[in-house]
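Under this note's numbering, the residue at position 151 of the sequence shown is numbered 145, and the numbers go up by one with no gaps.
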Amino acid sequence: MPSQTLYIVKIGDEEFRFTQDQLDYEPGNYLANHSLQRVDSKARSHVVEADNRTLLLEKDPVLFKLIQAHLRGYDVLPIPDALVPNYMTKESALENLQRDARSLGLRRLEDKVSTCQLNLSRGTQVKLPIVQKKYKMATFRDIWVVVDITEEGYRTLLARFSNRNFQVVAPSSLKCPGYTIVVCWRDFEGTYVRELTLTKESHCVLLESND
-5 MPSQTLYIVK IGDEEFRFTQ DQLDYEPGNY LANHSLQRVD SKARSHVVEA DNRTLLLEKD
55 PVLFKLIQAH LRGYDVLPIP DALVPNYMTK ESALENLQRD ARSLGLRRLE DKVSTCQLNL
115 SRGTQVKLPI VQKKYKMATF RDIWVVVDIT EEGYRTLLAR FSNRNFQVVA PSSLKCPGYT
175 IVVCWRDFEG TYVRELTLTK ESHCVLLESN D
């Protein structure tokens, strides 16, 4: 079986090889029409070398890797961080990829970029992380002592406010960055939550993380 002819796009020192089938992945595009053997004399920044199978382009080589992958039939969007040129933002990389696709007549890729941009603007590509709340409890006698508690312990303490042993008091001056004071109270008889025992007449503060 005879080997396929390879066509080369050269950008700076990097070479990108294509078969004719890959160039025809999007019929009618600039590379396919010229088969890298001739160029429109009106085209800008396009030069054909002597062997008639190598085309010189003035494009960003990192973005052109996405174009090469697209012509090989791969999905290339959203753009992975590793293929965002270091002098571009992710947004500008998308815009520049769309501009390159348009200049090369890659309409399918151009449309895919437009859809990706629309989805990003609507937030459909943004996945918010699942935030796990954290809880603390502070007790005061001579000094404030702050300890982490589980969500179960936090819920248990909230439920115990119907207990007659609790007296809700005004928020204290306790500062705990990143946490909000949920409630402060004075415990007259001591409360057992897991292995946490409050001594008699402890001033207590229940805190929840701001995240």
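Using N, Cα and C, we set each Cβ at its ideal position, and we do this for glycine too.
Within a 10 Å sphere around the beta-carbon of residue 199 sit 16 or more other beta-carbons, which makes this residue buried. The Cβ-Cβ distance between residue 3 and residue 77 does not fall below 8 Å. The C-alpha of residue 151 is placed about 59 Å away from the C-alpha of residue 93. Looking at 57, 142, 25 and 102, the one whose alpha-carbon comes closest to that of residue 81 is 57.
Under the DSSP assignment, residue 49 falls in the beta strand (DSSP E) whose first and last residues are 48 to 51.
The Cβ neighbour count for residue 137, taken over all protein chains shown within 10 Å, is under 16; the residue is labelled exposed.
Across the set 146, 153 and 128, the C-alpha of 128 shows the shortest separation from the C-alpha of residue 175. Per the DSSP secondary-structure output, residue 8 pairs in a beta bridge with 5. Per DSSP, residue 59 has no beta-bridge partner at all. When DSSP reads this structure, residue 132 sits in a beta bridge with 140 and 199. Per the coordinates, the alpha-carbon of residue 87 lies some 44 Å from the alpha-carbon of residue 169. Taking a 10 Å sphere around the C-beta of residue 84, we find fewer than 16 other C-beta atoms and assign the residue as exposed. From the listed residues -1, 62 and 8, the smallest Cα separation to residue 23 is found for 62. Just measuring C-alpha positions, the residue of 64, 112, 59 and 110 sitting nearest residue 5 is 59. Secondary structure of residue 13 (DSSP, three-state): strand. According to DSSP, residue 0 shares a beta bridge with 13. The Cβ atoms of residue 106 and residue 201 do not sit closer than 8 Å to each other. For residue 107, the secondary structure class from DSSP, reduced to helix, strand or coil, is helix. According to the DSSP secondary-structure assignment, residue 173 is paired through a beta bridge with 203.
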